[in-house]
Amino acid sequence: MHELALCQDIVRTALDAVEVRSSAVVSIALEVGALSSVNMEALEFCMRIVLDQEGLPHTRVEMTPVPARARCGCGAEYEPEDVFGPCPECEGFDREFIGGTDLTIRHVEVADEQS
Ligand SMILES: [Zn+2]
Numbered sequence: 024m025h026e027l028a029l030c031q032d033i034v035r036t037a038l039d040a041v042e043v044r045s046s047a048v049v050s051i052a053l054e055v056g057a058l059s060s061v062n063m064e065a066l067e068f069c070m071r072i073v074l075d076q077e078g079l080p081h082t083r084v085e086m087t088p089v090p091a092r093a094r095c096g097c098g099a100e101y102e103p104e105d106v107f108g109p110c111p112e113c114e115g116f117d118r119e120f121i122g123g124t125d126l127t128i129r130h131v132e133v134a135d136e137q138s
């Protein structure tokens, strides 16, 4: 299950980014590309495991799906249903994927020390 290693990277990156007590991390928001080959349910499951291991059982995980985008050599931009489909305009395969291929951290929310 490659999601587990992925989640360890995500949580480590998030904790490095905030530079405060790690227990102050309220939520981690992720964008999950439709073509990122990440299973959302597996991702959520693994995030919970890793956050528990890191002593952050109360940190929320928000996941936003990002639709795939492809640009064809003919100039058309479209939302491919999967990586194998042809261009809907010209039926060609001369395309590059320009969105929805990555898993990214959108933001890390940190608690106010006073509250
Ligand atoms: Zn085309």
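The sequence shown begins at 24 in this note's numbering and counts up by one. Each residue gets a CB set at the ideal place from its N, CA and C atoms; glycine is no exception.
For Phe-68, the enclosing alpha helix (DSSP H) covers residues 63-76. The shortest C-alpha to C-alpha distance from Ile-33 to any of Leu-58, Val-49, Met-70 is the one to Met-70. According to the DSSP assignment, Ala-93 belongs to the beta strand (DSSP E) that extends over 92-95. For His-130, the enclosing beta strand (DSSP E) covers residues 126-133. At least one heavy atom of ligand 1 is found less than 7 Å from the C-beta of Cys-95. Ile-121 and Val-84 have their alpha carbons spaced roughly 26 Å apart. With three or more CB-CB distances shorter than 8 Å, the stretch 56-65 counts as touching the stretch 117-132. In the DSSP assignment, the residues bridged to Gly-56 are Val-89. Taking C-beta atoms as the reference points, Ala-47 and Val-133 count as a pair closer than 8 Å. Exclusion of the five residues before and after Glu-67 leaves Val-84, Met-86 as the residues of its chain whose Cβ lies within less than 7 Å of its Cβ.
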